[in-house]
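Trainee: Just dropping this structure here.
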């Protein structure tokens, strides 16, 4: 019982510090950003959603602590041509963030079927994004519609640097739609590295790579991403 109380006290202290820091920050003006990633393969939470490279465009509006954006993934070839088109929104309270994502999976046919709700899944999220004194992230995601099992996924991340390269270790797991038998299991374990490669004084290319292992499905992936 004493151990649990100590954990609660530490968590409350971290939350209080992060909240005060957020309140001290000046409110930023609204910003709008667009870009596109080219990934050697689409791997999400330990599962592969393409068998060929993908283009993943995005657009995001940010104002203060609020963000709203759209993101998509389009497979460039392979046996299964898949696509995804998502809307997301989030709000941060210091190091704590809440969010919602509507995942849509149109089909390549006479009609994409975007306006058919059966092709959508809604997800709510709660995350702790880490602070300088405790740079560990923890996030919980839960499906809230079009998933009768209300599948849950959790992930823990630890950032670090080697030289000028930003790196991170992560471990995540879920149940139901994330696993082979529906029971909770680790599905996403690995390490990532990223850096900006300067092309000109005004332009840099984002480069990242992730080694991803899924103990539940016995799969492994090395994913390379270019970001514009």
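Residue numbers (mature numbering (1 follows the signal peptide of the UniProt record, and there is no 0)): -22 to -1, 1 to 206. Quick reminder that beta carbons are idealized off the backbone N, C-alpha and C, glycines included.
With a CB to CB cut of under 6 Å and the five nearest residues on each side skipped, what residues in its chain are close to residue 35?
Mentor: Annotation for residue 35: 14 and 50 place their beta carbon closer than 6 Å to its own, counting only its chain and skipping 5 residues before and after.
Trainee: Given residue 171, which residues of its chain have a CB within under 6 Å of its CB, disregarding the five upstream and five downstream residues?
Mentor: Apart from the 5 residues on each side of it in sequence, residue 171 sits with its Cβ closer than 6 Å to the Cβ of 143, 145 and 187 in its chain, given in chain order.
Trainee: Quick one, which of 19, 173 and 60 has its alpha-carbon nearest residue 141's?
Mentor: It is 173.
Trainee: By DSSP's criteria, residue 14 is part of a beta bridge. Which residues make up the other side?
Mentor: 35
Trainee: Report the partner residues of residue 150 according to the DSSP bridge assignment.
Mentor: 133 and 166
Trainee: Going along the chain, which residues of its own chain have a beta-carbon closer than 6 Å to the beta-carbon of residue 44, five neighbours each way excluded?
Mentor: Cβ neighbours of residue 44 beyond the five flanking positions: 69.
Trainee: Look at the Cβ atom of residue 126, then the Cβ atom of residue 99, and state whether they are nearer than 8 Å.
Mentor: no
Trainee: Could you give the DSSP three-state label for residue 7: helix, strand or coil?
Mentor: coil
Trainee: Give me the DSSP bridge partner(s) of residue 127.
Mentor: Beta-bridge pairing links residue 127 to no other residue.
Trainee: In terms of DSSP beta bridges, what is residue 119 paired with?
Mentor: 103 and 131
Trainee: Smallest Cα separation from residue 207: which of 60, 20 and 74?
Mentor: This structure cannot speak to residue 207, because the chain is shown only from -22 to 206.
Trainee: Within its chain, find whatever has a CB closer than 6 Å to the CB of residue 193; leave out the 5 residues flanking it on each side and keep chain order.
Mentor: 164
Trainee: Can residue 150 and residue 19 be called in contact, C-beta distance under 8 Å?
Mentor: In this structure, residue 19 does not lie closer than 8 Å to residue 150 by Cβ.
Trainee: Quick check on this structure: which residue in 11, 27, 10 and 9 has the alpha carbon closest to the alpha carbon of residue 201?
Mentor: 27
Trainee: Under three-state DSSP, which class holds residue 43?
Mentor: coil
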